[in-house]
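Colleague:
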Amino acid sequence: LEDPDAEETKAFVQAQNAISEPFLKGSEVRDKFSARMTELYNYPKYSCPFKRGQRYFYYFNTGLQNHSVLYMQDSLDGEPRVLIDPNTLSEDGTTAMQYVSFSDDGRYLAYGLSEKGSDWATLKVRDVETGADLPDVLKWVKFSCLSWTHDGKGFFYNRYAQPQVSADAGTETETNVNQKLCYHVLGQAQDDDVLVYDMPAHPKWMSGLEVTDDGQYFILTISEG
């Protein structure tokens with residue numbers, strides 16, 4: 004089962020489905036349970052609001068949306084506007100937003116998008132004022148920090164080398180090693196990002212970074228994956 008594309012794996016999954024699906028379809032309580040759970044979960048959900056720069060932000064879900072929508076307001080009593088709605092990013096609703104981080108002045112939002120439940124994310128940067136994405140696209144990001152320098156020129160993040168076995172991110176089975184901590188300057192290509200820290204002697208170690216509140220230092224943490 005280590006290789007999801009192997010014929011033996013596919014045959015095993017099909018055999019399992021042939022047993023489980025008829026049993027589930029024949030259940031007398033399945034539809035009742037599903038309807039009750041849907042009823043209980045179908046209510047408006049708000050996150051705690053937070054301020055970045057001069058604007059206020061919060062997440063809102065009408066009830067049964069696959070993903071909560073990120074809203075912003077210019078003031079506490081201002082008109083809410085959608086900044087990012089992940090539900091519109093794919094037809095099947097499997098594109099999720101993660102690694103959300105605003106620049107200190109609230110001008111830019113760096114955010115990650117993952118596909119179909121994968122841990123891999125692609126980072127993008129959105130201009131909060133215009134709602135348009137900048138050309139910056141950072142790939143092969145996983146288990147990452149996301150922290151801006153206070154000058155708003157760029158941010159720290161973690162990445163790996165592109166997997167060699169499978170081009171379909173999320174289906175590869177090799178272990179990710181040699182994570183790198185990089186600094187991305189807005190407007191430059193990912194290949195030009197500054198390598199801040201790596202640990203070739205400990206290929207399974209991972210790093211995280213957080214810029215201090217005064218913007219003068221960063222705190223580096225190390226963990227073993």
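Here the sequence shown is numbered in this note's numbering, starting from 4 and rising by one per residue.
C-beta atoms are modelled at their ideal positions from N, C-alpha and C, and glycine is treated no differently.
Please report how far the alpha carbon of N20 lies from the alpha carbon of A164, in whole angstroms.
Modeller: Here the question's residue 20 lines up with position 17 in the sequence shown. Here the question's residue 164 lines up with position 161 in the sequence shown. Computed Cα separation, rounded: 35 Å.
Colleague: What are the partner residues of C185, as DSSP defines its beta bridges?
Modeller: Taking the sequence shown and counting its residues from 1, one reaches residue 185 at position 182. In the DSSP output, where bridge partners are listed per residue, C185 has Y160, L198.
Colleague: Residues in its own chain within less than 8 Å of F15 by CB, not counting five upstream and five downstream?
Modeller: As a working mapping, residue 15 is identified with position 12 in the sequence shown. These residues qualify, in order along the chain: L4.
Colleague: Smallest Cα separation from S93: which of E118, Y44, Y111?
Modeller: For the purposes of this step, residue 93 is identified with residue 90 of the sequence shown, where counting begins at 1. Nearest option by C-alpha distance: E118.
Colleague: Short check: CB of V72 to CB of T152, under 8 Å?
Modeller: The sequence position of residue 72 within the sequence shown is 69, counting from 1. The sequence position of residue 152 within the sequence shown is 149, counting from 1. For V72 and T152, no; Cβs fall outside 8 Å.
Colleague: Which of helix, strand or coil does DSSP assign to Y46?
Modeller: Stepping through the sequence shown from its first residue, residue 46 is reached at position 43. The answer is coil: DSSP assigns Y46 none of H, G, I, E or B.
Colleague: CB K124 to CB K145, shorter than 8 Å?
Modeller: Walking along the sequence shown from the start, residue 124 turns up at place 121. Walking along the sequence shown from the start, residue 145 turns up at place 142. Contrary to the premise, residue 124 reads as Ala rather than Lys in this sequence. In contact: A124 and K145 (Cβ atoms closer than 8 Å).
Colleague: Please report the Cβ distance between G115 and L126, rounded to the nearest whole angstrom; I am assuming they are in contact, meaning their Cβ atoms lie under 8 Å.
Modeller: Position 112 of the sequence shown, counting from 1, holds the residue named residue 115. Position 123 of the sequence shown, counting from 1, holds the residue named residue 126. Contact holds; Cβ gap of about 5 Å.
Colleague: Return the chain-ordered ranges of every beta strand (DSSP E) run that is complete within the stretch 50 to 137 and spans a minimum of 3 residues.
Modeller: You should have 53 to 55, 58 to 64, 72 to 76, 84 to 87, 98 to 105, 111 to 118, 124 to 130.
Colleague: Can you list, in chain order, the residues of its chain with a C-beta nearer than 6 Å to that of D201? Leave out the 5 residues immediately preceding and following it.
Modeller: The residue labelled residue 201 in the question sits at position 198 within the sequence shown. If we look at D201 and ignore the five residues flanking it on each side, its Cβ neighbours are K183.
Colleague: Is the stretch 75 to 88 touching the stretch 44 to 59 in the sense that three or more CB pairs, one from each, lie closer than 8 Å?
Modeller: Taking 8 Å as the limit for Cβ pairs, the verdict is that the stretch 75 to 88 does touch the stretch 44 to 59.
Colleague: Which of the three DSSP states is assigned to L212 in this structure?
Modeller: Reading the sequence shown from its first residue, position 209 is the one you call residue 212. DSSP places L212 in strand when its eight states are reduced to three.
Colleague: For P47, tell me which candidate among F53, M40, T65 has the shortest Cα-Cα distance.
Modeller: Here residue 47 refers to the residue found at position 44 of the sequence shown. Closest option to P47, Cα to Cα, is T65.
Colleague: Note down the Cα distance separating D139 from D6, rounded to an integer number of angstroms.
Modeller: As a first step, residue 139 must be located in the sequence shown, where it is residue number 136. As a first step, residue 6 must be located in the sequence shown, where it is residue number 3. Cα-Cα distance, rounded: 33 Å.
Colleague: I'd like to know whether the C-beta atoms of P83 and M100 end up nearer to each other than 8 Å.
Modeller: The count along the sequence shown starts at 1 and reaches residue 83 at position 80. The count along the sequence shown starts at 1 and reaches residue 100 at position 97. No, these two residues do not count as a Cβ contact at 8 Å.
Colleague: Quick one, are the C-beta atoms of V199 and Y186 less than 8 Å apart?
Modeller: In the sequence shown, the residue the question calls residue 199 occupies position 196. In the sequence shown, the residue the question calls residue 186 occupies position 183. Yes. Within cutoff.
Colleague: Which one of K54, C51, D95, F53 has the shortest CA to CA distance from H70?
Modeller: The sequence position of residue 70 within the sequence shown is 67, counting from 1. Comparing Cα-Cα distances from H70 to each of K54, C51, D95, F53, the minimum goes to D95.
Colleague: Cα-Cα, which of V128, F159, K13, W208 is closest to N179?
Modeller: Taking the first residue of the sequence shown as 1, we reach residue 179 at position 176. For N179, the nearest C-alpha among the options comes from W208.
Colleague: What span of residues does the beta strand (DSSP E) with L149 cover, start to end?
Modeller: As a first step, residue 149 must be located in the sequence shown, where it is residue number 146. Where L149 is concerned, the enclosing beta strand (DSSP E) stretches over 149 to 151.
Colleague: Evaluate A38 with the Cβ neighbour count: other Cβ atoms within 10 Å of its Cβ, from every protein chain shown; 16 or more gives buried, anything less gives exposed.
Modeller: Numbered from 1 along the sequence shown, position 35 holds the residue referred to as residue 38. Exposed: under 16 other Cβ atoms inside 10 Å.
Colleague: Using the beta-carbon count (16 or more within 10 Å), is I87 buried or exposed?
Modeller: Translated into the one-based positions of the sequence shown, residue 87 becomes position 84. Counting Cβ neighbours within 10 Å, I87 comes out buried, since at least 16 surround it.
Colleague: I'd like to know whether the C-beta atoms of L141 and L189 end up nearer to each other than 8 Å.
Modeller: Counting from 1 along the sequence shown, the entry for residue 141 is found at position 138. Counting from 1 along the sequence shown, the entry for residue 189 is found at position 186. It is not a contact, given that the beta carbons lie outside the stated cut-off.
Colleague: At what residues does the beta strand (DSSP E) containing S226 begin and finish?
Modeller: On the sequence shown, position 223 is the one that residue 226 refers to. Element bounds for S226: 221 to 227.
Colleague: Check the DSSP bridge columns for L4 and list the partner residues they point to.
Modeller: Locating residue 4 in the sequence shown gives position 1, where the first residue counts as 1. None, per the DSSP bridge assignment.
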